[in-house]
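First the structure, in the form of structure tokens, and then the observations on it.
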Amino acid sequence: MNVLGLYNYWVVMVLMMLGFYIVISQGNLIKKIIGLSIFQASVFILYISMAKVAGGTAPILDESISTYSNPLPHVLILTAIVVGVATTALGLALVVRIRESYGTIEEDEIQAQDEEA
Amino acid sequence: MTAVAVVLMRDLFAVVMLTGIYSLLSASFFVVFDAVDVAFTEAAVGAGISTLLMLSTLTLTGRYAKESTQKPWLALAIVTVTGALLIYGTLDMPTIGSASAPIHQHVAPRYLNDSMQEIAVPNVVTSVLASYRGYDTLGESFVIFTAGIGVLALLMVLQRRRASDVDAHGPMHQHLILRIVAKILIPLILLFALYVQFHGDYGPGGGFQAGVIFAAAIILYSMLFGLSAARQTISQPLIFALSAVGVLLYGGVGVACMLLGGNYLDYDALAEDPVAGQHLGILLVELGVGITVASVMIIIFFTFNGRSLSERGRRR
Amino acid sequence: MIAHLPILQVVIPLLAAPLCMVVRIPRLAWTIALLASSGAFAISLLLLQTVLETGTVSYLLGGWPSPWGIEYRIDQLNAYVLLLVTSLGTIVLFSAPTSLGQELPADRHPLFCTAYLLCLAGLLGVTATGDVFNLFVFLELSSLSSYTLIALGSDRRALTAAYRYLIMGTIGATFILIGIGLMYMTTGTLNMYDLAQRLPEMSQPRTLLTAFAFFVTGVCLKLALFPLHQWLPNAYAHAPSVVTAFLAATATKVAIYVLVRFVYSIFGTEFSFSTMPLQTIFLIAALLGIFICSVSAIYQSNVKHIFAYSSVAQIGYMILAFSFGTATGLIAMLLHLFNHALMKGALFLAVGAVIYRVGSSQLQDFSGMGRHMPWTMAAIVAAGLSLIGVPLSVGFVSKWYLVVAALEQDMWPIAVLVLLGSLLAIAYVWRLVEVAYYQQADNAHVDVQEAPISLLIPIWTLVAANVYFGIDTRLTVGVSEMATRALFGAGP
Amino acid sequence: MFLTATAAILVVMLMALIRAFLGPTLYDRILAVNMFGTNTVLLIAVVGFLMGRPEFLDIAMVYALVNFISVIAILRYFEYSPPDETVEHK
Amino acid sequence: MIALALDVGSWILLVAGSFICVTGGVGMLRFPDFFTRIHAAGVTDTLGAGLIFTGLMLQAGLSLVLAKLVMILLFMLFTSPTASHAVAKAALHSGLEPQLDDVDDRSGVDS
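Protein sequences, first through last, are from chains A, B, C, D and E.
Residue 0 is where the first sequence starts when you use numbering that gives the first Met the number 0, and the numbers rise one by one after that.
Residue 0 is where the second sequence starts when you use numbering that gives the first Met the number 0, and the numbers rise one by one after that.
Residue 0 is where the third sequence starts when you use numbering that gives the first Met the number 0, and the numbers rise one by one after that.
Residue 0 is where the fourth sequence starts when you use numbering that gives the first Met the number 0, and the numbers rise one by one after that.
Residue 0 is where the fifth sequence starts when you use numbering that gives the first Met the number 0, and the numbers rise one by one after that.
What follows is the structure, given as structure tokens:
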């Protein structure tokens with residue numbers, strides 16, 4: 000029973016690691032950023048999973064309902080999503096500039112150019 | 000699921016679209032898990048804004064990735080170790096949905112039980128966000144402001160090189176139907192943004208989501224009618240000023256609370272009656288967040304696209 | 000107003016930042032920034048005084064009681080780090096307009112000031128807060144603005160350096176986020192002091208262990224501990240000199256503070272050093288870091304690279320002192336924290352002054368500068384001596400405590416290794432001295448003048464502080480000892 | 000009955016997803032993504048009723064909006080890139 | 000009585016809507032080229048969504064929820080055909096041609 004209840008977390012972990020893998024293994028700068036956002040999105044899912052209470056509903060108070068899911072992780076994740084999109088925007092801006100000054104967005108080509116210089 | 004494909008695909012464009020789907024999926028998941036506010040944000044941000052940004056970037060950088068030449072074994076090893084550690088960590092976790100888990104016992108009950116008396120806002124997420132943990136949200140709006148600053152500092156082009164001739168007809172002038180439909184829809188979208196802004200106390204929504212929707216409407220306009228047309232409607236310095244006004248409004252509310260004798264961001268001090276003070280405080284703060292987010296999103300998008308226009312101008 | 004000091008500390012630079020952006024006149028923006036940061040400096044002085052007199056200060060944001068709302072809690076340790084960050088931030092900012100004049104077009108100056116203030120506010124927020132999630136938010140605030148600051152460097156390599164820092168930094172932040180999530184999951188609270196009380200009662204060792212591991216790894220990425228340091232040298236080398244001086248003096252220090260706070264105040268020494276193999280891991284990483292990075296520093300041809308690698312090595316010393324897990328070790332670490340900030344601030348500012356005149360930070364371009372820019376080079380030599388650990392400089396004080404801490408644990412081989420590390424420091428500082436004093440200047444640089452006075456004042460302020468705190472150790476040692484006592488007393 | 004609808008919508012989402020994976024042309028993918036989005040709107044609406052809290056239709060509204068905007072953005076992106084790239088490479 | 004009628008009505012509408020959605024999905028998978036697939040997508044977008052939303056409306060009764068459902072439905076009826084139209088037009092512009100019997104398959108190439 001215990002193991003079944005954790006199944007969801009495991010899926011999240013696998014997703015998380017996929018994102019992480021994209022970040023560290025890919026040479027393309029945009030792909031790295033995409034990997035980063037997948038990584039972060041999976042962390043968000045982790046938080047939201049732990050907020051769930053069986054039988055509860057969304058934390059908007061109403062007379063007729065007595066169990067709610069935990070609102071605190073929701074708040075944290077709202078903040079974290081915003082932080083995430085801010086990071087993504089900045090990262091993409093950097094990629095655009097890199098592309099303009101190097102003419103490529105592949106990590107190895109950039110390194111090769113740097114070594115020549 | 001989707002993520003696997005992202006690793007494999009070389010066409011960056013397809014990858015971006017799949018990321019959009021991934022984010023939609025996770026948003027649906029959030030709805031199922033009761034996190035409606037989060038789903039709202041994720042839909043607007045993950046599927047909307049991020050995708051738009053990535054597409055704008057692709058316009059500037061080209062869309063095909065090279066085959067990865069690096070040896071993935073080291074990466075794979077690191078990932079496996081980290082993953083194994085995480086799985087190991089899950090073994091002791093409380094099962095999903097069990098109401099006896101510590102997080103449901105310790106701090107959260109107070110929000111659910113007492114916020115009605117203390118703040119009287121039915122949406123607990125809003126009251127925690129804007130009042131109990133209002134300072135986090137202040138930090139958050141400053142983070143988004145920082146991103147705006149960063150993008151500006153990196154990509155701002157001088158106004159001289161505006162290359163407006165490229166854009167004279169607007170980029171999609173041949174899509175007549177699109178333009179007409181959009182003309183009808185944009186006011187509706189703006190109205191909806193206002194609804195989300197001020198209805199956040201009772202249902203999902205609030206300053207952040209409203210800001211994103213508002214920005215989306217403007218972005219839609221600029222996509223269909225051209226950047227220079229959009230810039231004429233909303234002048235650059237005005238948005239710059241607005242983005243600063245938004246964060247200053249938030250911070251200023253805090254300072255006002257302090258001057259009125261409370262602690263920083265203690266909205267009780269804003270009015271005679273604490274509950275009324277909380278209402279006023281949350282309203283102002285959400286407004287601040289909304290203004291900042293909308294203007295920063297518009298700034299980021301305009302800056303990206305202004306860059307691409309001037310790039311093309313140079314290439315000619 | 001005294002009661003509001005902890006929040007004013009952070010809010011003043013935070014709110015001054017958008018103002019800087021709005022005014023759009025470089026001079027005015029700079030004045031606002033300077034006013035804000037000196038205001039923060041004054042507040043941090045007052046705050047340190049208050050804390051020393053009355054003990055821990057707690058401030059409830061929004062007036063909500065502590066596990067529900069966010070709390071600022073200032074004890075000796077925070078106050079000490081706050082003072083460090085604000086003082087360095089203000090001094091470095093003094094030299095900004097001159098030094099930046101050549102590296103950045105004037106229309107970006109207000110944006111620079113904004114980002115600088117946001118970074119400062121972020122660092123202060125991280126230090127002052129008593130809430131783990133708030134810590135994450137402000138950490139991201141400071142990181143995002145520092146990516147921007149680094150990317151403003153004039154070289155295109157600044158862009159790649161900033162990009163790499165962004166990727167590594169975000170991975171670190173996400174790790175920290177996972178750690179926070181797991182901690183929250185086991186305890187149900189986000190307040191640091193509540194956490195410290197509830198953690199020992201919890202019966203989920205495996206989740207806790209994972210949380211600890213993720214958190215520590217994330218923080219180590221941010222503080223550039225040895226195998227995780229790859230982002231640092233390039234980021235420091237290609238950023239504008241002012242930014243390098245500021246980040247080298249403050250950003251990694253704040254990350255180290257976070258580490259101390261978590262290991263000592265939240266998890267407690269017992270858990271950190273007995274249950275986890277933290278000591279061994281840190282000891283090995285620190286020693287490897289000291290030696291490998293010192294040796295690579297010797298082989299660099301760019302002066303900024305030399306000192307960037309030296310920074311990683313010095314972080315190694317701090318972590319080494321930290322890994323002893325004893326009171327003396329902690330004192331040594333806190334001392335070195337402060338002292339290293341002084342030295343590196345002075346060094347990078349002085350290098351910046353040379354760049355201002357010569358336009359390059361390549362080692363061969365420094366040749367003959369000993370004669371052309373006597374004051375600047377003298378400052379570099381003085382700070383370099385301090386880096387080596389010559390008596391009468393701050394470097395000596397912290398090395399002394401470090402060796403004592405090692406001997407206390409009967410780890411005399413480590414004491415010997417520390418001294419060997421100093422020898423390596425002599426080697427790389429000597430290379431610079433040799434080039435600057437014993438070689439003729441290039442033909443292109445024969446008419447190079449002394450750096451302008453607006454650069455020399457901040458540099459020599461820092462150098463003077465180097466010497467002063469090397470002789471009069473009452474303030475630094477006193478506060479470090481008090482902070483250490485508080486941390487060991489508070490631990491379970 | 001909401002359950003039936005939910006199940007059907009999920010099946011369609013899966014199909015759209017497969018189409019988005021397979022391609023083969025770019026426009027197929029765009030279409031699939033668009034359809035996926037439409038179905039998400041439906042799903043959210045139905046799930047809201049399924050859980051007995053139908054106030055959350057705002058989210059569905061945002062989805063519809065986002066869906067429209069992203070399709071336009073994608074099209075616009077291709078207006079900007081050189082025409083030879085718009086048909087997928089072999 | 001009326002409640003029952005409403006229930007039955009929404010039942011029928013929902014099931015019909017679901018059926019049409021599934022049909023659209025199958026079409027999306029099975030049809031040979033882009034221009035045929037767009038028909039399948041159109042079916043889901045308008046008829047399927049319309050039926051399902053009408054079914055939900057019958058459930059909602061007179062309230063804010065109803066208004067929102069109407070809004071969303073209108074919005075989708077506006078945007079979906081527009082989007083499909085735009086996609087088709089863009090595809091045609093870019094040189095993709097409808098697959099006719101006598102033309103070789105020129106769109107069935109994968110990247």
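By construction, the Cβ of each residue, glycine as well, lies at the ideal position given by its N, Cα and C atoms.
The continuous alpha helix (DSSP H) containing V21 (chain C) extends over residues 4–22. The shortest C-alpha to C-alpha distance from L137 (chain B) to any of C:A248, C:F214, C:L13, C:R205 is the one to C:L13.
Per DSSP, reduced to three states, the secondary structure at N38 (chain D) is helical. Within chain C, the residues whose beta carbon sits less than 9 angstroms from that of G90 (chain A) are Y146, Y162, L165, I166, T169, listed in sequence order.
What F35 (chain D) touches in chain B, judged by beta-carbon distance under 8 angstroms, is I20, L23, going in chain order. The criterion of a C-beta distance shorter than 9 angstroms is satisfied by V91 (chain C) and L348 (chain C). Taking the CA atoms as reference points, G16 (chain E) sits about 12 angstroms from V11 (chain D).
Between the segment 85–93 of chain A and the segment 141–151 of chain B there are three or more inter-stretch CB-CB distances shorter than 8 angstroms, so the stretches are counted as touching. Listed by position along chain D, the residues whose Cβ is nearer than 7 angstroms to that of A90 (chain E) are Y26. A distance below 7 angstroms between beta-carbons, with the five flanking residues on each side excluded, links P72 (chain A) to the following residues of its chain, in chain order: Y46, I47, M49, A50. Per DSSP, reduced to three states, the secondary structure at D130 (chain C) is strand. Between the C-alpha atoms of S65 (chain C) and S79 (chain E) there is a straight-line separation of about 50 angstroms. Ranking A:A92, A:T78, A:T103 by CA distance to the CA of Y134 (chain B) puts A:T78 first. For F74 (chain E), a Cβ of chain B is located within less than 9 angstroms of the residue's own Cβ. Nearest in C-alpha terms to S25 (chain B), of all of B:V14, B:M16, B:A46, is B:A46. Assignment of V52 (chain A) by DSSP, reduced to helix, strand and coil, places it in the strand class. CA-to-CA, the gap between I188 (chain B) and A41 (chain C) works out to about 48 angstroms.
Around the beta carbon of P226 (chain C), a 10 Å sphere encloses fewer than 16 other beta carbons of the protein chains shown; the residue is thus reported as exposed. If you check each beta-carbon in the segment 43–59 of chain E against every beta-carbon of chain D, the ones closer than 8 angstroms belong to T43, D44, G47, A48, I51, F52, G54, L55, Q58, A59. The Cβ atoms of G289 (chain B) and F207 (chain B) sit closer than 9 angstroms to each other.
Pairing P109 (chain C) with M20 (chain C) gives a Cβ-Cβ distance under 9 angstroms. About 6 angstroms separates the CB atoms of R356 (chain C) and A450 (chain C); that is less than 8 angstroms, so the two are in contact. For S240 (chain C), there is no enclosing beta strand (DSSP E); the enclosing alpha helix (DSSP H) has its first and last residue at 240–259. Secondary structure in the segment 82–160 of chain C: the alpha helix (DSSP H) runs of 4 residues or longer, each lying completely within the stretch, are 95–99, 108–127, 131–150 in chain order. Any Cβ of chain B closer than 9 angstroms to the Cβ of A85 (chain A) would place that residue at the interface, and such an atom is present. At least one CB atom of chain A sits nearer than 9 angstroms to the CB of Y110 (chain B).
A Cβ-Cβ separation of about 15 angstroms leaves T50 (chain B) out of contact with V94 (chain A) under the 8 angstroms criterion. Contact check for L148 (chain C) against L46 (chain C) fails: the beta carbons are separated by 9 angstroms or more.
Taking a beta-carbon distance threshold of 9 angstroms, H228 (chain C) does not count as an interface residue toward chain B. If you check each beta-carbon in the segment 258–284 of chain B against every beta-carbon of chain C, the ones closer than 7 angstroms belong to G261, N262, Y263, L264, D265, D267. Looking at the backbone, the Cα of S69 (chain D) and that of A181 (chain B) are separated by about 13 angstroms. Counting along the chain, S57 (chain C) sits inside the beta strand (DSSP E) bounded by residues 56–59.
Straight-line measurement puts the Cα of T302 (chain B) at about 40 angstroms from the Cα of H339 (chain C). Under the Cβ distance rule, M60 (chain D) counts among the residues neighbouring chain E, one pair being separated by less than 9 angstroms.
Taken in chain order, the segment 165–219 of chain B contains no complete beta strand (DSSP E) segment of 3 residues or longer.
The bridge partners DSSP lists for N190 (chain C) are C:D130.
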